[in-house]
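In the working numbering, the protein residues as written are 2 to 197. Quick reminder that beta carbons are idealized off the backbone N, C-alpha and C, glycines included.
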Amino acid sequence: MTSSDFRRKSEGLSPIAPPGARDPEYYEEESALLRLSRLLAPGEADVAAEVNEALHYPTVYSEKNPERFDNRGLEGNETFLPWIALVDALIQRGLAHEIDWKEESDEVLAVVQRLLDRRQLLMNGRELPPADALASEATHVVLQACYDALAAQDVVLASLDIDSDSYVLITVPSDWMQELTTFATEAGYRLIVEYN
Numbered sequence: 002m003t004s005s006d007f008r009r010k011s012e013g014l015s016p017i018a019p020p021g022a023r024d025p026e027y028y029e030e031e032s033a034l035l036r037l038s039r040l041l042a043p044g045e046a047d048v049a050a051e052v053n054e055a056l057h058y059p060t061v062y063s064e065k066n067p068e069r070f071d072n073r074g075l076e077g078n079e080t081f082l083p084w085i086a087l088v089d090a091l092i093q094r095g096l097a098h099e100i101d102w103k104e105e106s107d108e109v110l111a112v113v114q115r116l117l118d119r120r121q122l123l124m125n126g127r128e129l130p131p132a133d134a135l136a137s138e139a140t141h142v143v144l145q146a147c148y149d150a151l152a153a154q155d156v157v158l159a160s161l162d163i164d165s166d167s168y169v170l171i172t173v174p175s176d177w178m179q180e181l182t183t184f185a186t187e188a189g190y191r192l193i194v195e196y197n
């Protein structure tokens, strides 16, 4: 352990990662975005490690993930890169799913169901609104119907705002939302929970 690492440890901070490191034990500081990452992906240490790398080593992250960097049109916008790193890491692990603003209602319901199943959130017969009742509705109407149905069951359907014409959907227990919203706001990003 270097003297700098020893000082940081004595101050309650983790050691500074060497360039290119993704070791989840190494965090430059306990940022709100890293706390958000760990809350959204419990037991998935690589998610926070990827976000940490995008946050503190954006060039290294971009070189390791050129397809993510290019697909999102992030060139020259490194401040948004850590948020996109979180979004893409969650999508890759099935903890989030991105849908178009104009998606078929049955696909929206299928996506929401997969997210619920991934987190094992809807048990004991609780369910989403019936597909036939939403068959001809616009995407935002289907999302709001899902949000309302889930809220009554202590689950939140939220979207990570990536400033695009798509929704990056997540499902979480209702009692996570205050902390998630606080961390997202502190980090300079936004969670959407209203679809009308």
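(request) Go through its chain and collect everything with a Cβ distance to E195's Cβ below 8 angstroms, but skip five positions before and after it. (result) Counting only Cβ-Cβ distances below 8 angstroms, and skipping sequence neighbours, we find Q145, Y148.
(request) Just mark R115 as buried or exposed, buried being the case when its beta carbon has 16 or more other beta carbons within 10 Å. (result) exposed
(request) Inspect the beta-carbon positions of A159 and L129 and report whether they are closer than 7 angstroms. (result) no
(message) With the cut-off set at 7 angstroms, would you say A90 and A55 are in Cβ contact?
(response) no
(request) May I have the straight-line CA-CA distance separating V61 from P43, to the nearest angstrom? (result) When rounded, the separation of the alpha-carbon atoms in V61 and P43 is 25 angstroms.
(request) Could I get the ranges of all uninterrupted alpha helix (DSSP H) runs contained in the region 100-174, with 4 residues as the minimum, in chain order? (result) 106-120, 140-152
(message) Let me check understanding here. Comparing Cα to Cα, which of P131, D47, T186, E99 lies closest to S165?
(response) E99
(message) Whole angstroms are fine: how far does the CA of F184 sit from the CA of R8?
(response) Caution applies to R8, whose pLDDT of 40 falls short of 50 and renders its modelled position unreliable; the value that the coordinates give is listed next. Spanning the two alpha carbons is a distance of roughly 26 angstroms.
(request) Apply the 10 Å Cβ neighbour rule to T186 and answer buried if 16 or more other Cβ atoms are within range, or exposed otherwise. (result) exposed
(message) Less than 7 angstroms between the C-beta atoms of S175 and D155, yes or no?
(response) In contact: S175 and D155 (Cβ atoms closer than 7 angstroms).
(message) I'd like to confirm something about R39: is its beta-carbon nearer than 6 angstroms to some heavy atom of the ligand SAH, or not?
(response) With respect to the ligand SAH, the structure offers nothing, as it holds no ligand at all.
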